[in-house]
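See structure below.
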Amino acid sequence: MLDHISNRIQASLLDNNRLTVRISPHDLTPLLKEVVSLHRFAARERKQKIVLDAPNSIQALVDPLRIREVFDQLISNAIRFSPSGTRITVRLMSTPSAVRIQVEDEGRGMGWMEQQSLFSSQMGTLDRHDRRFGLGLIIAKRLIDLHQGRIWAYSPGTGKGSTFYVELRGQAAQS
Numbered sequence: 032m033l034d035h036i037s038n039r040i041q042a043s044l045l046d047n048n049r050l051t052v053r054i055s056p057h058d059l060t061p062l063l064k065e066v067v068s069l070h071r072f073a074a075r076e077r078k079q080k081i082v083l084d085a086p087n088s089i090q091a092l093v094d095p096l097r098i099r100e101v102f103d104q105l106i107s108n109a110i111r112f113s114p115s116g117t118r119i120t121v122r123l124m125s126t127p128s129a130v131r132i133q134v135e136d137e138g139r140g141m142g143w144m145e146q147q148s149l150f151s152s153q154m155g156t157l158d159r160h161d162r163r164f165g166l167g168l169i170i171a172k173r174l175i176d177l178h179q180g181r182i183w184a185y186s187p188g189t190g191k192g193s194t195f196y197v198e199l200r201g202q203a204a205q206s
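Dropping the structure here:
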């Protein structure tokens, strides 16, 4: 219930361009470790395994509070939409121009059309988004946009799992 209320407030702030981010260089490795750790109990309850594949340190230009919300949303969705006994892999890596985070699950997957509209609020405001996913993915998209990053998903098809990707500016990629 509190998550729903918080999402509604954030949606309203985002719709009115009143949510801001305070971007500065931060090490994403400990931040991601913390978020994964917070979800281990929920995953264990569902007999799922969360694996974190991350180097000792990767710097990115982020608002740590807001980016934590994005990671939390992606990992909680992976847990919620994956069956018992599956694995969720969270990866953190750097590319020549960015930092990439991947959350890969063995869940229900999705078709191409669903992938195209997953982060879209074309129906109007955030309040009208598909109830199955709630507001979380649209809020995550807007937060990543505020970071001048990208977020997308890929699934080979229904029943074949999904991978969610986030790309952020690395500290060296600052422009």
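The numbering of the sequence shown is the working numbering, which starts it at 32 and goes up by one.
Glycine included, every Cβ here is placed at the ideal spot set by N, Cα and C.
Counting every other CB atom within 10 Å of its CB across the protein chains shown gives N87 a total below 16, marking it as exposed. Two segments are said to touch when three or more pairs of C-beta atoms, one from each, lie closer than 8 angstroms; by this definition the region 132-142 touches the region 180-196. Straight-line spacing of the CA atoms in I81 and I119 works out to 5 angstroms.
Residue state for T60 is assigned as helix, using DSSP reduced to three classes. Burial state of D136 is buried, judged by a 10 Å Cβ sphere holding 16 or more other Cβ atoms.
Rounded to whole angstroms, the separation of the alpha carbons of H70 and S107 is 7 angstroms. Scanning the region 84-123 for uninterrupted alpha helix (DSSP H) segments of 4 residues or longer gives 95-111, listed from N- to C-terminal end. Here K172 carries a helix assignment [DSSP, helix/strand/coil]. Beyond the five residues adjoining it in sequence on each side, V101 comes within less than 7 angstroms, by CB distance, of A171, L174, I175 and V197 in the same chain, given in chain order.
Collapsing the DSSP output to three states places S55 in a strand.
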